[in-house]
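Sequence order for the protein chains is A and B.
What the first sequence shows, in my numbering, is residues 1 to 322, in sequence order.
What the second sequence shows, in my numbering, is residues 1001 to 1803, in sequence order.
Where a beta carbon is used, it is the ideal one built from N, C-alpha and C, also for glycine.
What you are looking at is a predicted structure, and each value in this text was computed from that prediction instead of being measured.
The structure under discussion appears below in the form of structure tokens.
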Amino acid sequence: MQITINDKIIDVQGQDTLLKIARREGFEIPSLCWSKDARHKSSCMVCAVKDLSSGQIIPSCTSKPVEGMRIDTQSEEVMQVRTLSLELLLSDHRADCEAPCSLVCPSKLDIERMLNYYDKGQKEKAFGLIKHAFDLPKLACENCKAPCEKACRRGSIDTPVTIRKIIKELTKVVDATKVDEIENVAIDKTKFQSRLGRFCESEKARLKETVSTPSNCLHCACAGKSACQLRTHATTHKIKRPGYDMSSALQVMSRIKINDTMYFEPSKCIRCGLCVYNSDNGFTFKNRGFQMEVNLPEENKKNIRVELASLCPTGALYIVEN
Amino acid sequence: MSQCNCENNDKLSHHEVMAKMDTIIDRIGSSRRVIIPLLQAIQDEFNYLPADAIERIYERTEIERAQLISVSTFYSQFRHIPYGKHLIKVCAGTACHVKGANNVYDSFVRELKIKTDSVTTDDKLFSIEKVACLGCCTLAPVVQIDDKIYGHVAPGKVGELISEFIESNKAEEEKTGKANEYKLSGEVRLGMGSCCQASGSADIYNELLTKANELGIKVDIKSVGCVGVCNQVPLIDVVLEDGAVKRYPNVKASEIKEILHHHFKSGSLLRRFKNSIINHVDNYHTDTTWNNVVWKSEAERTGLINSFLSEQKHISTEGYGFLAPLDLDEYIHHQGFASLKKVIAENKPNQVVRDVLTSGLRGRGGGGFPTGEKMKIVASSTQKDKYLICNGDEGDPGAFMDRMILESYPYRVIEGMVIEAFATGANKGIFYIRAEYPLAVQRIKRALELCRERKLIGRNILGSNFSFEVTVFEGAGAFVCGEETALIASIEGDRGFPKQKPPFPAVEGLDGRPTLVNNVETLSQIPYIIRNGANHYAETGTENSKGTKVFALAGKIKNGGLIEVPMGISLNRIIDEIGGGVEGGEQLKAVQIGGPSGGCIPAHRCDVPVDFDSFRQMGAMMGSGGLVVLSESDCMVDVARYFLSFTCEESCGKCTFCRVGIRRMLDLLNRICSGSAKMEDIDKLEELALNVKKSSLCGLGKTAPNPVLTTLKYFRKEYEEHINGLCKTGKCKDMMQFIITDDCTGCTKCAKACPVDAIAYEPYKVHNIDQDACVKCGLCVDECEFNTIIKVPVKQEVYANND
Ligand SMILES: Cc1cc2nc3c(=O)[nH]c(=O)nc-3n(C[C@H](O)[C@H](O)[C@H](O)COP(=O)(O)O)c2cc1C
Ligand code: SF4
Ligand code: SF4
Ligand code: SF4
Ligand code: SF4
Ligand code: SF4
Ligand code: FES
Ligand code: FES
Ligand code: FES
């Protein structure tokens, strides 16, 4: 049969979806809740296209072509729908892509990563980063007003992480000459930055109770950011801040350990359902409407395979090396 | 999941729970797809879903934890915590909402001292819940405690109501104790449906109890579903053993004894009365003198009954007022099943499909898709198994037509179903009925049994070689399951996520088989079409909308109730001639039609004819048939917000625009209603609404913005006033406050009435309201005899400008 995509006439055979056909023909369409060869149900609407024959906006990832169909994948209207779907998802996404402290350091030290090594007891690695970022032996912190500590999220809970003190301590306990530099990758500020926003009182109380690390750091940066498509699409769609009020029914900053290497963070989940449809008695949905969440019952953790992490389009489900 | 580890109510031992569970599982089955019936049975048994009972499911059935959590948390029927002994359901349906249901709810919570994060009293005696439409909108606001219904509940009278309930409940327990010793000789239904119990029902109820005892008559007294004319209350139905009904509208306590005496003396008398009812709608509408019971003329009692009926036309509700719901002989006597006999005798299934096409019948479930077309698709499939589903999920919070049809005319729906099955070659039928409609479920089940005995369903229907099996499936409380693909998902044992269409269910539905889904009312029109001919049917209605439509007329209307009108009649005629005009002589402001999917049609456009297309053109929708009349004292922004908070809760949650988009629209509306919004927020709301409509995946999300879009279209000025801090009707509580003017005489009544002691008791002085403490319940206003307590806008400048 014949269909038209953006004025290009295309012959199609078989049962491919519009997404597949369009991509094959070189038209770019983003997707989140769809993944190759995985079971899925359309939900995110990031792959929206317009069926010009019916005037309807449809998800290309499940829609099949019909004879004579005319599809628009790139008009302003379609782009606007995609952008809005991302904005809506992000308004229900209370999480930081990057740690506030790292974002503000004038010497571009990835403080959160440094603290991460520190908290794992890998002080040499922590120092390796500092060595790469700073012009040692001079400590950049000495003439700095320490915006990092002002920005520190822990500060709104009890007291900010004593970043400068920790850096100083590291320079003392680590033998600078014996430590290899570790490349400190400066944060790419051209990328979209999701931000968590303010904690409410109950969140503060919970985090104060539950998060205790040697440095006291909450580790705000998203551990799953390297594979996050939500962020990628938000960047390409030039989203700065979600245009709507932020609120979410999901618990912020809660990390659920699934097994030795896998973690699940509900507040980063966009409820695409890929992990639900592709695990067998593993992840499940709970509740409905805005309250709907993805849930992993304790008893089902054993049914989760590591490959599942790569399906998750966000940083909600990820693997931690070493 | 955080499993509930609460112990179960009745303190059953683990062993007993397991034994009960095994019985339930043995009865219902152990496959994945029986999960909903299984959970319903467990909840019936234990009153909630106890954790140890759930564990037994994992041990003994195919159902796994993931599925169980997914399903049991999707449907609102299922409870994971035990409830109190009595359940208070405060109706939050549309009609009740516009009449102040929220105040009633708050009063209960206050009166019972229920804590903010709980729904149950500390002594575990009462639990409270908001529910959608209890089906007696004309008595709004309505509250149901267990199976007793109370109408016109004033927030200030909640305390009395609770004590009254506790007392009548005691009486009831005594009664049940005694009644068990005898065989019941019939039943007396208090209320026309749920309605009539409500208005002054307590007196009637007590009178029935005492007089029944006095006379030594053993009758079951209960409340039942609605059959229309809800304004004729209190009303009792006397139901005799064979299901015949005698109805007494506007009954008085003093008349009870005579009525009981009359019906429950001897069997031969019962017969006599039954016969006297058949074909006498007039018994209901005209004067009757009966022994000592002197009936006032109906006009005197109600004034408007005749005009209430004059504009109506009964097709779905044919036999209105006299058909005994379960009397099969009577139904047959009135040409029931004649159409089925006809199509089977002629044996031309395709002709039936053509007839339905010719009739122009369009689906009454909301979409208005031509029924004949859908039948044609299913009929054309060569698959061996085909399904037919009767959609009785009716979730519109302001409507109860389908419930009434199922309860009162079960045979008509069954007949329509069998005819369609015959025409399309479907061999399996399912009644999908909301679990909130227990009487409808019970009636349909019984009606199906009786039909099976007469070979009207089952194998070899009426001796032909056509067979059609029908079962009943009870929905578990999810508006979205009215959507056909979600409905099918729930029958298959999943959460009610709608599926992408195409493929349509008519091509690929339940279990992948062609499935014809039709609404209750659609089906109930079929026998008429076959019997009287498609062309005759098509004479009624407009060019593109044929036949009649049943509406639940409620809100600010003098004579509300269930009405069936020919398509093409104007809304104005419905309101003025059938409904007797707006209640309390107020001005008509708008009519909300189609519930959460529909819109508000402003008064100046109410000359619009009832018609699928003309409603759609106005941005509204026929929907299922809720018709809520709004008057000057209703705030349109609040109405829009009301519907949106409904759809926000009922969204299945699958797709972004509906799950998050509606929530964000609601955020904006909440801001507008609290006076903290900016002018740009209106545009933002509109833009978002248009996008949600455009980009949601199923009908719920696609229509949910309609109430907002229509009110924005016709009442934008009202939105703007809200931004400026003024809600003229005073419905938006954050924007108004009560103040006491200097005319106060210091009578102290208001101080005594205030439930939160916001008014200090100061005899002979001008009283004062502590605004921080005031919960704006308005009880003081009702109490003040000097009308010195007035509503004013909170924002001073607005107050000044509007003086
Ligand atoms: C959110 C939503 C709720 C619906 N609720 C109902 C309902 O309660 N009853 C009903 O018959 N149809 C309902 N429908 C329409 C059904 O999907 C379906 O179109 C209808 O049952 C078909 O029957 P009909 O052709 O006889 O109208 C609903 C649709 C949507 C999108
Ligand atoms: S999941 Fe993606 S968008 Fe969200 S915080 Fe992580 S990287 Fe940022
Ligand atoms: S105090 Fe040190 S770590 Fe903090 S911002 Fe300044 S230079 Fe960076
Ligand atoms: S809590 Fe840790 S990661 Fe977050 S801002 Fe403070 S130092 Fe940075
Ligand atoms: S955890 Fe990831 S894969 Fe699973 S639903 Fe959430 S976003 Fe999708
Ligand atoms: S529009 Fe709403 S109800 Fe329909 S599929 Fe999407 S989320 Fe579910
Ligand atoms: S990728 Fe198509 S709807 Fe999510
Ligand atoms: S009974 Fe409350 S809205 Fe119908
Ligand atoms: S609290 Fe008494 S009327 Fe406001």
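- Message: Tell me the rounded alpha-carbon separation between Val-1158 of chain B and Thr-1485 of chain B.
- Response: Cα to Cα, Val-1158 of chain B sits roughly 42 Å from Thr-1485 of chain B.
- Message: Taking CB distances under 7 Å as the criterion, tell me whether Cys-1481 of chain B reaches chain A.
- Response: False, the Cβ-Cβ gap to chain A never drops below 7 Å.
- Residue-level contact to chain B via CB, Gln-15 of chain A, 7 Å cutoff: With a threshold of 7 Å between beta carbons, Gln-15 of chain A makes no contact with chain B.
- Query: Lys-1428 of chain B to Thr-1317 of chain B, Cα distance in whole Å?
  - Reply: Each residue's Cα considered, the two are about 26 Å apart.
- Query: Nearest to Thr-1471 of chain B by CA position, among B:Val-1608, B:Asp-1396, B:Cys-1451, is which residue?
  - Reply: Thr-1471 of chain B has its Cα closest to that of B:Cys-1451, out of B:Val-1608, B:Asp-1396, B:Cys-1451.
- Query: Residues in the segment 263 to 286 of chain A with C-beta within 9 Å of chain B's C-beta atoms, listed in sequence order?
  - Reply: Within the segment 263 to 286 of chain A, the qualifying residues are Ile-270, Arg-271, Gly-273, Val-276, Ser-279, Asp-280, Asn-281, Gly-282, Phe-283, Thr-284, Phe-285, Lys-286.
- Item | Listed by chain order, chain A residues near Ser-1359 of chain B by CB distance under 8 Å | In chain order: nothing, as chain A lies at least about 27 Å away.
- Out of A:Leu-170, A:Asp-110, A:Gly-68, state which residue places its alpha-carbon closest to the alpha-carbon of Glu-183 of chain A. Comparing C-alpha distances from Glu-183 of chain A to each of A:Leu-170, A:Asp-110, A:Gly-68 shows the shortest one belongs to A:Asp-110.
- Query: For Lys-1693 of chain B and chain A, any beta-carbon pair shorter than 7 Å?
  - Reply: Answer no: the Cβ-Cβ gap between Lys-1693 of chain B and chain A never drops below 7 Å.
- Query: Beta carbon of Cys-97 of chain A: closer than 6 Å to some heavy atom of ligand 2?
  - Reply: At least one heavy atom of ligand 2 lies less than 6 Å from the C-beta of Cys-97 of chain A.
- Could you check which residue in B:Lys-1374, B:Pro-1527, B:Glu-1583, B:Ile-1529 has the C-alpha nearest to that of Leu-1553 of chain B? Minimum Cα distance to Leu-1553 of chain B is reached at B:Glu-1583.
- In DSSP terms, what Pro-1370 of chain B is bridged to: In the DSSP output, where bridge partners are listed per residue, Pro-1370 of chain B has B:Arg-1362.
- Where DSSP assigns a beta bridge to Leu-317 of chain A, which residues make up the other side? In the DSSP output, where bridge partners are listed per residue, Leu-317 of chain A has A:Phe-264.
- Message: Residues of chain A with CB closer than 8 Å to the CB of Arg-1060 of chain B, please, in chain order.
- Response: Those do not exist, as Arg-1060 of chain B stays about 16 Å from chain A at its closest Cβ, beyond 8 Å.
- Message: Please state whether the Cβ-Cβ distance between Thr-261 of chain A and Ile-304 of chain A is less than 7 Å.
- Response: Remark: C-beta atoms of Thr-261 of chain A and Ile-304 of chain A do not approach each other more closely than 7 Å.
- Query: Between Cys-47 of chain A and ligand 3, is the CB less than 6 Å from at least one heavy atom?
  - Reply: Cys-47 of chain A: no, Cβ never under 6 Å from ligand 3.
- Which residue or residues does DSSP assign as beta-bridge partners of Phe-1646 of chain B? Paired residues: none, contrary to the question.
- Inter-residue spacing [alpha-carbon to alpha-carbon] between Gly-273 of chain A and Ile-239 of chain A: Between Gly-273 of chain A and Ile-239 of chain A, the C-alpha separation is close to 24 Å.
- What is the residue span of the alpha helix (DSSP H) that Ala-48 of chain A lies within? Per DSSP, Ala-48 of chain A belongs to no alpha helix (DSSP H); it is in the beta strand (DSSP E), 48 to 51.
- Name the chain B residues that come within less than 8 Å of Ser-85 of chain A, Cβ to Cβ? Within chain B, the residues near Ser-85 of chain A are Thr-1656, Phe-1657, Ser-1695.
- Message: Between Leu-218 of chain A and ligand 4, is there a pair consisting of the residue's CB and a ligand heavy atom that are separated by less than 6 Å?
- Response: Under cutoff, so the answer is yes.
- Item | Euclidean distance between Cα positions of Gln-1043 of chain B and Arg-1079 of chain B | So the alpha carbons of these two residues sit roughly 8 Å apart.
- Task: Return the first residue and the last residue of the alpha helix (DSSP H) that Val-1781 of chain B is part of.
- Result: Run containing Val-1781 of chain B: 1779 to 1783, per the alpha helix (DSSP H) assignment.
- Regarding Gly-1701 of chain B and ligand 6, is the C-beta to nearest heavy atom distance less than 6 Å? Checking the Cβ of Gly-1701 of chain B against ligand 6 gives yes.
- Would a C-beta distance cut-off of 7 Å place Asn-1706 of chain B and Gly-1598 of chain B closer than the cut-off? Yes. Within cutoff.
- Is it true that the CB of Leu-1406 of chain B sits closer than 7 Å to the CB of Ile-1457 of chain B? Against a cut-off of 7 Å, the Cβ pair of Leu-1406 of chain B and Ile-1457 of chain B comes out as no contact.
- Query: Any heavy atom of ligand 7 within a distance shorter than 6 Å of the CB on Pro-65 of chain A?
  - Reply: Not one heavy atom of ligand 7 falls within 6 Å of the beta-carbon of Pro-65 of chain A.
- Is the segment 1339 to 1348 of chain B touching the segment 1568 to 1583 of chain B in the sense that three or more CB pairs, one from each, lie closer than 8 Å? Taking one beta carbon from each stretch, the segment 1568 to 1583 of chain B and the segment 1339 to 1348 of chain B have fewer than 3 pairs nearer than 8 Å; the two do not touch.
- Item | Beta-carbon proximity list for Tyr-1714 of chain B, same chain, < 6 Å, skipping 5 on both sides | Listed in chain order, the non-local C-beta contacts of Tyr-1714 of chain B below 6 Å within the same chain comprise Pro-1602, local neighbours out to five positions each way being set aside.
- Query: With DSSP run on the structure shown, which of helix, strand or coil describes Arg-255 of chain A?
  - Reply: Here Arg-255 of chain A sits in coil by DSSP.
- Can you grab the Cα-Cα spacing for the pair Asp-96 of chain A / Glu-1469 of chain B, in whole Å? Roughly 57 Å separates the two Cα atoms.
- Under a three-way DSSP split, which group does Glu-1811 of chain B fall into? Residue 1811 of chain B lies beyond the stretch modelled for chain B, which goes from 1001 to 1803, so this question has no answer here.
- Message: Residues around ligand 8, please: the condition is that the C-beta lies closer than 6 Å to some non-hydrogen atom of it.
- Response: This criterion selects B:Cys-1091, B:Gly-1093, B:Thr-1094, B:Ala-1095, B:Cys-1096, B:Cys-1133, B:Leu-1134, B:Gly-1135, B:Cys-1136, B:Cys-1137, B:Ala-1140, B:Val-1142, B:Gly-1398.
- Message: What does DSSP give as the partner residue(s) for Tyr-1248 of chain B in the beta ladder?
- Response: In DSSP, Tyr-1248 of chain B forms a bridge with B:Ile-1236.
- Message: Can you tell me whether Ser-194 of chain A is buried or exposed? The criterion is at least 16 other CB atoms within 10 Å of its CB, across all chains shown.
- Response: Burial is judged here by how many other beta carbons sit within 10 angstroms of a residue's own beta carbon; Ser-194 of chain A has at least 16 and is buried.
- Query: Taking DSSP as the reference, what is the three-state secondary structure of Leu-1049 of chain B?
  - Reply: Three-state result, Leu-1049 of chain B: coil.
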